[in-house]
Each structure stands twice: as C-alpha cells, then as structure tokens.
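Below: the structure, in structure tokens.
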Amino acid sequence: DGGITQSPKYLFRKEGQNVTLSCEQNLNHDAMYWYRQDPGQGLRLIYYSQIVNDFQKGDIAEGYSVSREKKESFPLTVTSAQKNPTAFYLCASSIWVGQSNQPQHFGDGTRLSIL
Amino acid sequence: RKEVEQDPGPFNVPEGATVAFNCTYSNSASQSFFWYRQDCRKEPKLLMSVYSSGNEDGRFTAQLNRASQYISLLIRDSKLSDSATYLCVVNIGNYGQNFVFGPGTRLSVLP
C-alpha cells in the first residue's frame, strides 16, 4: 500500500542529545512537511520541502534540522538546542504545489519525550 | 487576525443530532479547502475536500462561500464514532507554506 511511514512511534531523548525522526513516503509526492503538535494545540509547521535538495523553514524551525537527499525521505533532527522538544511530531506529504486541489497525507506520528 | 479560524468547542451533542462547524479564512486568494478529522493522539485524516458547488459524502456535507470566506461542515445523524477534532485546512496556493491549518473544533457525541 502507498503511504507515509514514520519511525519510531515513541522516542525518548536525554538532555543534550540529538535525535532523528524518520519519514518515508512511497506516494511519489514532491512536497514533504514536518509539523509539531503540543497537547490540546493545533499543528505548527517546522520545515517543509517542495523538491529534493531544497527545504525551507516553517514557523518554528529553531532547534530543528532536516535534509532532503531523496524524494522519498525527509528526516527531522531534533537538536539539543530545542529546549522543549516533548511533543507529537507529524510528517506529511502532498503532490506538487501546482496542483493545489490535492490534500496532504499524514504519517501516524512520532511521540517524543524527554528523559 | 489568524489566517484560519474555527470555534474550538467543545460541541457536545447527543447521538442522532445534526451539528455544523464553521471555518473562516483571511486570504482571499485561497484555492482549495479541506476538512480533516483527528482522533485523540492520532494523525489527522482527510475527511473530505470542499468544492465550490458544495459536496456531500454520506452523512457529511461541506459547503464553501468564497464571497464571505468561510467553509462549513454539517454532520447529520451523529454517531459516537464521530467524536473527534475537526480541522479546517486551506491551501493558499503559494509555492511554499501553502497549507494553513485551523486550530480545530472538538466534537463529543454523547450516548
């Protein structure tokens, strides 16, 4: 089945540690996105990428980094500079930007907690 | 003014009731519109796209009013399983941060 796979489902980070969240899609979508959701809150955009080897900061990029070396993959690194990383992280993808009537599709998320 | 606004609720309705949610958006250049459903501690899932002429999918009806810049979602004959948060999403069509999410409206359908 085509879809978006996020791993791991749960992740624990020690103080001062960098951790990387995986996001892979086999939908042949050009655009990929990372969101953060805190309890009872809406989605906030961290980074997005419209094409391979290109990505842009979203609204809350500080303390995070990404790469887009392959169309299928858009990993997110939560660095030690992110002081409050505990949240639900969602990866999404969509077909190319010109077809704006196409929706986003989401992975089932990674829940990150501080040890 | 936020780009996409929704009444946060919660809406508590009995089973079988009809409930409607509204969503307003500020960018008049917005091109496409969607309703997503998000269950507690799960990812958002596409419920339906919203077309200019309005569209229906079973018990769910979505409407768009471009002149007033709002979209609506009507749920008829509510089921317990409809309990979730409903997210209004607008695609503003720019290259880049094109999807804008509303904060969501929480629905609880009570037995």
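Protein chains in written order, with the numbering used here: chain A, 331 to 445; chain B, 6 to 116. Even for Gly, the Cβ is constructed at its ideal location relative to N, Cα and C. Just so it is clear, the structure is predicted and the values come from calculations on it, not from any experiment.
Its chain contains Asn96 as the residues whose beta carbon lies nearer than 6 Å to that of Ser37 (chain B), once the 5 sequence neighbours on both sides are disregarded; these appear in chain order. By the 16-neighbour rule on beta-carbons within 10 angstroms, Ser424 (chain A) is buried. For Asp87 (chain B), the secondary structure class from DSSP, reduced to helix, strand or coil, is helix.
A residue is called buried when at least 16 other Cβ atoms come within 10 angstroms of its Cβ; Asp62 (chain B) does not meet this threshold and is exposed.
Phe342 (chain A) counts as exposed, since fewer than 16 other beta carbons sit within 10 angstroms of its beta carbon. The criterion of a C-beta distance shorter than 8 Å is not satisfied by Tyr365 (chain A) and Leu351 (chain A). Contacts between Glu48 (chain B) and chain A, judged by CB atoms closer than 8 Å, involve Leu420, Phe436, Gly437, Asp438, Gly439 in chain order. Between the alpha carbons of Pro108 (chain B) and Glu399 (chain A) lies a gap of roughly 32 Å. Taking 8 Å as the CB threshold, Leu406 (chain A) stays off the interface with chain B. The C-beta of Pro415 (chain A) has 16 or more other C-beta atoms within 10 Å across all chains shown, which makes the residue buried. Secondary structure of Phe418 (chain A) (DSSP, three-state): strand.
Of the candidates A:Asp360, A:Ser443, A:Leu420, A:Ala411, the residue whose Cα lies closest to the Cα of Gly437 (chain A) is A:Leu420.
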